[in-house]
Amino acid sequence: MASLTQASTALSTSFKPTLQAVSRSSGLKSVSFSITGKRFPSLSSRPGRFQVSCSAKPETLNKVCDIVKKQLALPEDTAVTPGSKFAELGADSLDTVEIVMGLEEEFGISVEEESAQTIATVQDAADLIEKLVEKKST
1 MASLTQASTA LSTSFKPTLQ AVSRSSGLKS VSFSITGKRF PSLSSRPGRF
51 QVSCSAKPET LNKVCDIVKK QLALPEDTAV TPGSKFAELG ADSLDTVEIV
101 MGLEEEFGIS VEEESAQTIA TVQDAADLIE KLVEKKST
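Read in order, the letters of the sequence shown are residues 1 to 138 in the UniProt record's numbering.
Structure, rendered in structure tokens:
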């Protein structure tokens, strides 16, 4: 873990503003900036939030890709990746509804309309499926 006992940085330009930041050795709580006497609000460090972000399993992604290809009648050699957007693959709103219905049937889940409207990519669909399957099993 790196720590600073004291640090100071100054920047000057033709109109002579000075940017200065000073920190203590541990427990940095805030940093203030001043340019030629003008003060800016302090930037406070806040405790980080614990956030879990998970991606769908590869087998789920593969199934979603296959269903998307089937529903959109895409040629077998068409590249469908997790980042593929349904609109870029030529899907309109009706196609998207049919894709969601195919996913519901394949995975034995029910997708709420609000959730279905947030799906824009293959990854979005796979992540939602994982979440719904997990919720269903608990």
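Where is the CB? At the ideal position from N, CA and C, for every residue including glycine.
Less than 8 Å separating the beta-carbons of residue i and residue j?
{"i": "L94", "j": "V68", "result": "no"}
{"i": "V64", "j": "A125", "result": "yes"}
{"i": "Q71", "j": "I99", "result": "yes"}
{"i": "residue 141", "j": "K57", "result": "This structure does not reach residue 141, given that the chain is present from 1 up to 138, and the question cannot be answered."}
Note the first and the last residue of the continuous alpha helix (DSSP H) segment covering residue i.
{"i": "S110", "result": "Premise fails: S110 is in no alpha helix (DSSP H) and is neither H nor E."}
{"i": "D124", "result": "V122 to S137"}
{"i": "Q117", "result": "That residue, Q117, is in no alpha helix (DSSP H); it is neither H nor E in DSSP."}
{"i": "T60", "result": "P58 to Q71"}
Compare the Cα-Cα distances from residue i to each of the options and report the closest residue.
{"i": "V97", "options": "E76, T81, G108 and S115", "result": "S115"}
{"i": "K85", "options": "L132, K135, K131 and V122", "result": "V122"}
{"i": "T60", "options": "I119, L74, L128 and Q71", "result": "L128"}
{"i": "residue 214", "options": "E76, E104, D66 and D77", "result": "One cannot answer for residue 214 here, as it falls past the ends of the chain, which runs 1 to 138."}
{"i": "S55", "options": "T138, K136, G83 and Q117", "result": "G83"}
{"i": "N62", "options": "T81, L74, E76 and P75", "result": "T81"}
{"i": "E113", "options": "M101, E106 and F107", "result": "M101"}
{"i": "A91", "options": "T118, A73 and S137", "result": "A73"}
{"i": "F107", "options": "P75, E76 and K136", "result": "K136"}
Strictly by DSSP, which residues pair up with residue i?
{"i": "K85", "result": "T121"}
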